[in-house]
Amino acid sequence: MKLLIVGLGSMGKRRARLAKGIDAAIQIVGVDTAENRRAEAKQLALADEAYPSIAEAVATAHPDAALVCTAPLSHAAVIGELLDNGLPVFTELNLVRDGYAENMAKAAEKQLPLFLSSTMLYRRETQYIKQQVAAFGKPVHYIYHIGQYLPDWHPWENYKNFFVGNARTGGVREIFGIDLPWLLDAFGDVESVTVQKDTISNLGLPYPDCVTLLLRHKGGAQGVLAADVVSRKAVRSFECFGDGIHLFWEGNPKALYEFRDGDKQPVDTYASFEHDSRYSDNIVENAYVDELTNFFAVLKGEEQPRWSFEKDLKAIELMDKIENS
489 MKLLIVGLGS MGKRRARLAK GIDAAIQIVG VDTAENRRAE AKQLALADEA
539 YPSIAEAVAT AHPDAALVCT APLSHAAVIG ELLDNGLPVF TELNLVRDGY
589 AENMAKAAEK QLPLFLSSTM LYRRETQYIK QQVAAFGKPV HYIYHIGQYL
639 PDWHPWENYK NFFVGNARTG GVREIFGIDL PWLLDAFGDV ESVTVQKDTI
689 SNLGLPYPDC VTLLLRHKGG AQGVLAADVV SRKAVRSFEC FGDGIHLFWE
739 GNPKALYEFR DGDKQPVDTY ASFEHDSRYS DNIVENAYVD ELTNFFAVLK
789 GEEQPRWSFE KDLKAIELMD KIENS
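Residue numbers (this note's numbering): 489 to 813.
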């Protein structure tokens with residue numbers, strides 16, 4: 489298979505590396521307007537060919553499918569162009585609804601897969617939490633704090649120079665975009681939300697740097713979700729409890745616990761896991777691999793994606809409601 493990757497920044501390079509790890513026979517065709525990124529991808533053997541435009545890459549290399557790894561606000565146009573060229577599309581988080589109706593209709597008309605990344609749905613810890621809550625079968629509450637100091641997200645570049653510096657695709661919104669899908673999947677749609685916002689840093693952001701939500705899910709679950717871009721230590725701290733269930737998760741595969749036999753007991757969901765040392769320890773490579781594997785199986789008609797544009801619209805509607813509160 490020949491895979492086109494549009495955007496050769498940190499995520500594009502990660503996807504290329506992992507795709508080749510899944511199947512060494514996969515050929516990577518890169519697209520990036522920046523000449524230095526194209527050169528770096530080829531130098532690192534992450535791209536067999538690299539072009540400055542989709543049109544040139546498609547006309548010359550004839551790829552079989554495409555991954556969109558550019559900044560979120562560019563996704564709608566990029567996805568549309570790829571679909572126009574008859575390519576199945578995998579896209580990273582969109583964070584905004586731009587082009588959703590048009591691209592969903594175009595993909596349906598052309599009968600092309602339109603696959604939306606939601607990596608947390610592929611974390612075995614979140615799937616374990618979902619399974620346990622479903623098996624429990626009674627209302628639960630949860631408390632969830634996710635935070636990381638924004639300048640540490642991409643320490644190799646100024647945070648104002650990539651998409652988290654934009655008010656429409658800011659860091660707090662990206663946290664919600666990453667985590668709301670698995671929360672909606674595990675606890676159900678949200679029927680009401682109470683919002684508290686604040687700015688407590690000197691980061692100079694065009695959006696609040698701390699947002700706390702009280703979420704009431706339709707199935708009876710209730711959650712407190714706090715997201716920030718201020719915490720100097722990257723944190724993902726989750727606790728779920730009910731009358732007969734108590735789960736704890738600190739964001740990495742070695743820190744999932746359940747309370748049983750009078751104490752917190754570890755839950756091992758991974759026999760082994762891969763971690764990129766450039767990122768916080770709650771960034772686990774296995775989930776990215778499982779997600780790409782799902783996409784490749786969708787291309788073969790063997791599986792269905794775990795997330796979709798249709799489902800994502802509910803998350804985006806909730807994010808919009810939070811921002812407008």
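Every residue gets a Cβ at the ideal spot worked out from N, C-alpha and C, and that includes glycine.
Being a predicted model, the structure only gives us computed values, none of them experimental.
* Asked: By how many angstroms is the C-alpha of Leu672 removed from the C-alpha of Trp795?
  -> 11 Å
* **Boundaries of the alpha helix (DSSP H) in which Arg724 is found, first to last residue** => Arg724 -> not in any alpha helix (DSSP H); beta strand (DSSP E) instead, spanning 723 to 730.
* **Reduced DSSP secondary structure (H/G/I, E/B, other) of Phe650** => coil
* **Proximity below 8 Å, CB of Ile810 to CB of Val681** => yes
* **Exposure of Phe747, with buried meaning 16 or more beta-carbon neighbours within 10 Å** => exposed
* Asked: Pairing CB atoms from the region 594 to 612 with CB atoms from the region 701 to 710, are three or more of them under 8 Å?
  -> no
* **Cα-Cα separation, Glu738 to Ala715** => Distance between the alpha carbons of Glu738 and Ala715: 15 Å.
* **Alpha carbon of Asn646 to alpha carbon of Leu693, nearest angstrom** => 13 Å
* **Length of the line joining the Cα atoms of Ile493 and Val652** => Rounded to the nearest angstrom, the two C-alpha atoms are 21 Å apart.
* To do: Classify Asn770 as buried or exposed, calling it buried when 16 or more other Cβ atoms lie within 10 Å of its own Cβ.
  => Caution is warranted here: a pLDDT of 48 is assigned to Asn770, below 50, making its placement in the model unreliable, and the coordinate value is therefore given only provisionally. That one is buried.
* Can you tell me which of His550, Leu583, Ile514 puts its alpha carbon nearest to the alpha carbon of Leu570? => His550
* If you run the structure through DSSP and keep just helix, strand and coil, what is His763? -> At His763 the pLDDT is 44, less than 50, meaning the model places this residue with poor confidence; the figure from the coordinates comes in the next sentence. Of the three classes helix, strand and coil, the one that applies to His763 here is strand, per DSSP.
* **Residue from Ile733, Leu801, Asp552 whose Cα sits closest to the Cα of Gly750** => Ile733
* CA-CA distance, Phe664 and Leu801? -> Going from the Cα of Phe664 to the Cα of Leu801 covers about 13 Å.
* Asked: Exposed or buried, which one is Ala522 when buried takes at least 16 other CB atoms within 10 Å?
  -> Residue environment for Ala522: exposed (fewer than 16 other C-beta atoms within 10 angstroms of its C-beta).
* Short Cβ contact (8 Å threshold) for Ile514 with Leu532 -> In this structure, Leu532 does not lie closer than 8 Å to Ile514 by Cβ.
* Spatial neighbours of Lys799 within its chain, please: CB distance less than 6 Å, with the 5 preceding and 5 following residues excluded, ordered by chain position. => none
* Taking the continuous beta strand (DSSP E) assigned at Ser680, which residues delimit it? -> 678 to 686
* Nearest-angstrom Cα distance between Phe736 and Thr657? -> 30 Å
* Thr700 to Gln684 span [Cα, whole Å] -> 5 Å
* Asked: From Thr757 to Glu613, what does the alpha carbon distance come to, in whole angstroms?
  -> 6 Å
* Could you tell me whether the Cβ atoms of Val717 and Val660 are closer together than 8 Å? => yes
* Cβ atoms of Arg503 and Leu780: under 8 Å apart, would you say? -> yes
* Hey, how far is the Cα of Lys530 from the Cα of Tyr632? -> If I take the Cα positions, the gap works out to 41 Å.
* Asked: Cys557 and Gly625: beta carbons closer than 8 Å?
  -> no
* Asked: Based on the DSSP output, what are the partners of Pro754 in its beta bridges?
  -> Tyr745
* Asked: Leaving out five residues before and five after Tyr630 in sequence, what residues of the same chain have Cβ atoms less than 6 Å from its Cβ?
  -> Gly711, Cys728
* Among Trp641, Val755, Ala595, Leu575, the one whose alpha carbon lies nearest that of Ala547 -> Leu575
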